[in-house]
């Protein structure tokens, strides 16, 4: 099979891990848009410390460019967006504008777009932008549930755990209940799945429920970490015995944390499940099982209780770096969907309300850096 040209936009932790997998498959000529870290990647490459792929030093894709505009010289089979979705800062159509406007849109066919992003309803504005081009072919968008413990610990250094998983499915506007892929949809998903090396990929005929399930974890666990400014090891990890580490659950008030904080996590998970039911997701393994609450608590406790647990939710890292967070697409969209369906979600609303203020102040310092001295 001839190699396909694939464009990855965004070369942070998530973009780097999945770009490396594409590169290793030998089925792809890989172009990567690295914006903030372009010079470092161009001169020194990316360093990946991975429990799945091993230690990779000074790796470079086939081509690295510093903007989407610089990548508009060829037809792509797939364009993979691995940036954070923060529409109040920049929308997806704005990021991809060089591909969604002439001369590119006149000269080339629109590719399959793939969103490696957190959040709900993140496909809507991209779908409309492609549709507005007036092409005969319907827009093709693959949405994903991304499960990867990866952090960018330096602009060209990624630390990655043992997981590299993608749940994938086609986006259908305003459709949460179609559970059979058409032959064209299935072919689109199969072709994308075959491009990767050592990634666990599952195709789902209805991706929104899987995307929603991933967003539940972000609402609860990233929400807890961002509101407290501590990683989840502070909630689940016991005190050290031999080898020192931090943070951990301090015994002095552990009983109250277990009673109230862990109950808050469970309650917010249950609010999410109630919203999922209102969206039409059934209580079944191929829908949104109620067991997701207990299962996610057990899995998170297992993942964050070990002495070598060092993963931070990326949203917490963004706050610490002063970078805008995905507050609208993770928490805000859940609140809006709940309001439309008259579902009460007071804990999600509280998290959204407080994180809105966090985002507001991040944007204040970003937009008015000369005033940052007052911090």
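Numbering (the UniProt record's numbering), first residue to last: 1 to 375. Note that the Cβ used here is the ideal one computed from N, Cα and C, for glycine as well.
**Item:** Exposure label - residue 215; buried when at least 16 CB within 10 Å
**Value:** The count along the chain shown starts at 1 and reaches residue 215 at position 215. Classification of residue 215: buried, given that the 10 Å Cβ count is 16 or more.
**Message:** Taking 8 angstroms as the limit between beta carbons, can you name the residues of its chain near residue 393, skipping five residues before and five after?
**Reply:** Lying outside 1 to 375, the shown extent of the chain, residue 393 is not represented and no answer is given.
**Request:** Please list, in chain order, all residues of the same chain as residue 273 whose beta carbon is under 8 angstroms from its beta carbon, the five residues on each side excluded.
**Result:** On the chain shown, position 273 is the one that residue 273 refers to. Closer than 8 angstroms at the Cβ level, and outside the excluded window around residue 273, lie 216, 288, 290, 292 and 293.
**Item:** Option in 243, 88, 228 and 351 with minimal Cα separation from residue 317
**Value:** Within the chain shown, numbered from 1, the residue matching residue 317 stands at position 317. Of the listed residues, the one whose Cα sits closest to residue 317 is 228.
**Message:** Rounded to whole angstroms, what is the Cα-Cα separation between residue 337 and residue 275?
**Reply:** In the chain shown, residue 337 corresponds to position 337, counting from 1. In the chain shown, residue 275 corresponds to position 275, counting from 1. As the crow flies, the alpha-carbon of residue 337 is around 8 angstroms from that of residue 275.
**Request:** Give the DSSP-derived three-state secondary structure of residue 31 in the structure shown.
**Result:** By one-based count along the chain shown, residue 31 stands at place 31. Collapsing the DSSP output to three states places residue 31 in a strand.
**Prompt:** Since residue 112 contacts residue 166 with CB under 8 angstroms, what's their CB separation in whole angstroms?
**Reply:** Sequence index remark: in the chain shown, residue 112 carries index 112 (1-based). Sequence index remark: in the chain shown, residue 166 carries index 166 (1-based). That pair is no contact at about 14 angstroms.
**Asked** Does the beta-carbon of residue 375 have 16 or more other beta-carbons within 10 angstroms, so that it is buried, or is it exposed?
**Response** Looking up residue 375 in the chain shown gives position 375. Residue placement at residue 375 cannot be trusted, given a pLDDT of 45 that sits under 50; what the coordinates show is reported in the next sentence. Residue 375 is exposed by the Cβ-count criterion.
**Request:** Just mark residue 10 as buried or exposed, buried being the case when its beta carbon has 16 or more other beta carbons within 10 Å.
**Result:** Looking up residue 10 in the chain shown gives position 10. When all chains shown are included, residue 10 counts as buried.
**Message:** Check this for me: beta carbons of residue 176 and residue 280, under 7 angstroms apart or not?
**Reply:** Walking along the chain shown from the start, residue 176 turns up at place 176. Walking along the chain shown from the start, residue 280 turns up at place 280. A contact, by the Cβ cut-off of 7 angstroms.
**Prompt:** Is the stretch 43–54 close to the stretch 10–20, with three or more CB pairs under 8 angstroms?
**Reply:** Contact between the stretch 43–54 and the stretch 10–20 is present, because at least three Cβ pairs lie under 8 angstroms.
**Request:** For residue 202, name the three-state secondary structure that DSSP assigns.
**Result:** Taking the chain shown and counting its residues from 1, one reaches residue 202 at position 202. DSSP places residue 202 in strand when its eight states are reduced to three.
**Request:** Consult DSSP for residue 160 and reduce its assignment to one of helix, strand or coil.
**Result:** In the chain shown, counting from the first residue as 1, residue 160 sits at position 160. It is a strand residue.
**Prompt:** How long is the line joining the alpha carbons of residue 61 and residue 70, rounded to whole angstroms?
**Reply:** Walking along the chain shown from the start, residue 61 turns up at place 61. Walking along the chain shown from the start, residue 70 turns up at place 70. Roughly 15 angstroms separates the two Cα atoms.
**Request:** Return helix, strand or coil for residue 258, following the three-state DSSP convention.
**Result:** Along the chain shown, read from residue 1 onward, the residue named residue 258 stands at position 258. Looking at residue 258 - three-state DSSP - the assignment turns out to be helix.
**Request:** Along the beta strand (DSSP E) that carries residue 142, what are the first and last residues, could you check?
**Result:** On the chain shown, position 142 is the one that residue 142 refers to. Per DSSP, the continuous beta strand (DSSP E) segment holding residue 142 begins and ends at 141–147.
**Request:** Could you please give me the residues that DSSP links to residue 63 through a beta bridge?
**Result:** Mapped onto the chain shown, residue 63 falls at position 63. Residue 63 has 31 as its beta-bridge partners, per DSSP.
**Message:** Once the 5 residues before and after residue 278 are set aside, which same chain residues still bring their CB inside 7 angstroms of it?
**Reply:** Indexing the chain shown from 1 puts residue 278 at position 278. Excluding residues within five positions, the ones whose Cβ falls inside 7 angstroms are 341 and 343.
**Message:** I need the DSSP call for residue 12, collapsed to helix, strand or coil.
**Reply:** Position 12 of the chain shown holds residue 12. Coil.
**Asked** To the nearest angstrom, how far is it from the Cα of residue 146 to the Cα of residue 82?
**Response** For the purposes of this step, residue 146 is taken as residue 146 along the chain shown, with counting starting at 1. For the purposes of this step, residue 82 is taken as residue 82 along the chain shown, with counting starting at 1. The straight-line gap separating the alpha-carbon atoms of residue 146 and residue 82 is approximately 10 angstroms.
**Message:** Beta-carbon within less than 7 angstroms of residue 76's beta-carbon, same chain only, minus the 5 sequence neighbours each way: which residues are those?
**Reply:** Taking the first residue of the chain shown as position 1, residue 76 is located at position 76. Within its own chain, the residues whose Cβ lies closer than 7 angstroms to the Cβ of residue 76, once the five positions on either side in sequence are excluded, are 5, 6, 7 and 111, listed in chain order.
**Asked** Who does residue 270 pair with in a DSSP beta bridge?
**Response** Within the chain shown, residue 270 is the residue found at index 270, counting from 1. DSSP, once it has assigned bridges, lists no residue as partnering residue 270.
**Asked** So is residue 74 buried or exposed if we call it buried at 16+ other beta carbons inside 10 Å?
**Response** Looking up residue 74 in the chain shown gives position 74. Residue 74 should be labelled exposed.
**Prompt:** With distances taken from CA atoms, which of 30, 64 and 357 is nearest residue 40?
**Reply:** In the chain shown, the residue the question calls residue 40 occupies position 40. When only C-alpha atoms are compared, the closest one is 64.
**Request:** Say whether the stretch 134–141 touches the stretch 106–125, bearing in mind that this needs 3 or more beta-carbon pairs closer than 8 angstroms, one atom from each stretch.
**Result:** In short, these stretches touch, since the Cβ pair count reaches three.
**Request:** Within its chain, find whatever has a CB closer than 7 angstroms to the CB of residue 377; leave out the 5 residues flanking it on each side and keep chain order.
**Result:** The structure shown does not extend to residue 377, since the chain spans only 1 to 375, so no value can be given for it.
**Prompt:** Quick one, are the C-beta atoms of residue 125 and residue 102 less than 7 angstroms apart?
**Reply:** Residue 125 sits at position 125 when you count from the first residue of the chain shown. Residue 102 sits at position 102 when you count from the first residue of the chain shown. Cβ atoms of residue 125 and residue 102: not closer than 7 angstroms.
**Message:** Rounding to the nearest angstrom, what Cα-Cα distance links residue 357 and residue 347 in this structure?
**Reply:** The residue given as residue 357 occupies position 357 in the chain shown. The residue given as residue 347 occupies position 347 in the chain shown. Taking the straight line joining both Cα atoms gives about 16 angstroms.
**Message:** What does DSSP give as the partner residue(s) for residue 5 in the beta ladder?
**Reply:** By 1-based counting over the chain shown, the position of residue 5 is 5. DSSP lists 29 as the beta-bridge partner residues of residue 5.
**Inter-stretch contact at 8 angstroms, needing at least 3 Cβ pairs: the stretch 319–329 / the stretch 252–269** = Look at the beta carbons and you see the stretch 319–329 not touching the stretch 252–269: under three pairs across the two are nearer than 8 angstroms.
**Prompt:** Just the Cα atoms here: how many angstroms apart are residue 42 and residue 67?
**Reply:** Counting from 1 along the chain shown, the entry for residue 42 is found at position 42. Counting from 1 along the chain shown, the entry for residue 67 is found at position 67. The alpha-carbon atoms of residue 42 and residue 67 are separated by roughly 13 angstroms.
**Prompt:** In chain order, which beta strand (DSSP E) runs of at least 3 residues are fully inside the stretch 75–161?
**Reply:** Scanning the stretch 75–161 from its first residue to its last, the whole beta strand (DSSP E) runs of 3-plus residues come out as 78–81, 112–115, 141–147, 150–154 and 157–160.
**Cβ neighbours of residue 157 in the same chain (closer than 6 angstroms, five flanking residues each side left out)** = Within the chain shown, residue 157 is the residue found at index 157, counting from 1. Non-local C-beta neighbours of residue 157 in its own chain, meaning closer than 6 angstroms and more than five positions away in sequence, comprise 47, ordered along the chain.
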